[in-house]
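Since the structure comes first, as structure tokens, the remarks are kept for the end.
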Amino acid sequence: MRITARTFSATTAVLLFAVATSCAQSPDGTGPTSKPDSSSKEPISTAPESQEDRASADAEDAVRAFFKTVDELQQDPDKDLEGLANVAIGVQLNAQKLSIEQLRKAGQHQTGSTDVAEMKVQSVSLDNSDPKAGKVPTVTVDACWDVADVDVVDKNGKSVVSPDRPDDGWTRFTVANYHWSKNPSGGWRIANGQDLEQPSCKVS
């Protein structure tokens, strides 16, 4: 899949929640029947059975890491922004860095942490035919975040969050791996994201 430039700002989400800018591979088998294969796989129930499954799990981990990193950077104004490069890439990286810099410049910081309440993988593409042109493995993940325990305060400790802010919402992330050939598991980064209009994922 070719990556397009569209970004999601976690800082904006915390403050306002405004709208931000497959065929599974089967293991090779030598036997003519399915019984030997299924019986041999069943004991290893915790391991993904395909590259797509592994990529999906790694992409979900990358989404969690993204929110955790952004939380930490918005909570601690002295924390180095270099860590963003471990969870985001390209336009998303630059937009997120600018957003946090603006938050810090205003003398504001975050309290509390975001909870990633639910994730749904929508698509997986392992096309790595032309990384320079943006054709890299991608996983599209819908994530429901919960910021009921998150606030943003000014220098005096006063909240600057809108009272109308929803406590949760959905964002569709494109998670890309530009280092697939060398690091298929740990090279996933958030490339872009877009808020979705979907029902709350919180259990009442």
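Numbering (mature numbering (1 follows the signal peptide of the UniProt record, and there is no 0)), first residue to last: -24 to -1, 1 to 180. Cβ atoms here follow ideal geometry from the backbone N, Cα and C, with glycine treated the same way.
Practice problem: Determine the direct distance from the alpha carbon of PRO139 to that of GLY59, and round the result to whole angstroms. | Solution: 31 Å
Quiz prompt | Residue range of the beta strand (DSSP E) that includes LEU172 | solution = 164 to 172
Self-check item: Contact check, THR114 vs ASN153, beta carbons under 9 Å
Solution: yes
Quiz item: Counting pairs of Cβ atoms below 8 Å between the stretch 94 to 109 and the stretch 125 to 137, do you hit three or more?
Solution: No contact exists between the stretch 94 to 109 and the stretch 125 to 137.
Practice problem: Look at CYS120 and ASP144 and say whether their C-beta atoms are less than 9 Å apart. | Solution: yes
Quiz item: With distances taken between CB atoms, is the gap from TRP146 to ALA31 smaller than 9 Å?
Solution: No, these two residues do not count as a Cβ contact at 9 Å.
Quiz item: Who are the near neighbours of ASN132 in its chain, counting only those whose CB is closer than 6 Å to its CB and skipping five residues on each side?
Solution: none
Quiz item: Using the beta-carbon count (16 or more within 10 Å), is SER161 buried or exposed?
Solution: exposed
Practice problem: Might you give, ordered along the chain, the residues of its own chain that have their beta carbon closer than 7 Å to the beta carbon of GLN174, omitting 5 neighbours on each side? | Solution: TRP146
Quiz item: Is LEU79 closer than 9 Å to GLN50 when the C-beta atoms are compared?
Solution: Yes, the Cβ-Cβ distance between GLN50 and LEU79 is below 9 Å.
Quiz item: Out of ILE76, PHE42, ILE65, ASP122, which has the shortest C-alpha to C-alpha gap to ASP92?
Solution: This sequence places Val at residue 92; Asp is not what is there. VAL92 has its Cα closest to that of ASP122, out of ILE76, PHE42, ILE65, ASP122.
Quiz item: Can you tell which of ASP118, ASP47, THR116 has the C-alpha that lies nearest to the C-alpha of ILE76?
Solution: ASP47
Practice problem: Whole angstroms is fine: what's the gap from ALA109's alpha carbon to VAL136's? | Solution: 41 Å
Quiz item: Roughly how many whole angstroms lie between the Cα atoms of GLN68 and LYS134?
Solution: 29 Å
Quiz item: Short check: CB of GLN98 to CB of ARG148, under 9 Å?
Solution: yes
Quiz item: Grouping DSSP H, G and I as helix and E and B as strand, with all else coil, what is ALA82?
Solution: coil
Practice problem: May I ask you to report which of helix, strand or coil DSSP gives GLY145? | Solution: strand
Quiz item: Buried or exposed: which applies to ALA124, given that a residue is buried once 16 or more other Cβ atoms fall within 10 Å of its Cβ?
Solution: Its Cβ having fewer than 16 others within 10 Å, ALA124 is exposed.
Quiz item: Assuming TRP156 contacts VAL117 under a Cβ cut-off of 8 Å, what Cβ separation, rounded to an integer in Å, is found between them?
Solution: About 17 Å; that fails the 8 Å criterion.
Quiz prompt | Contacting residues, own chain, Cβ-Cβ under 6 Å from ASP34 (five flanking each side not counted) | solution = Hits under 6 Å: SER161, TRP164.
Quiz prompt | Alpha carbon of GLN1 to alpha carbon of GLU28, nearest angstrom | solution = Note that GLN1 has pLDDT 31, beneath the 50 cutoff, so the model's placement of it is unreliable and the number below is only indicative. About 7 Å.
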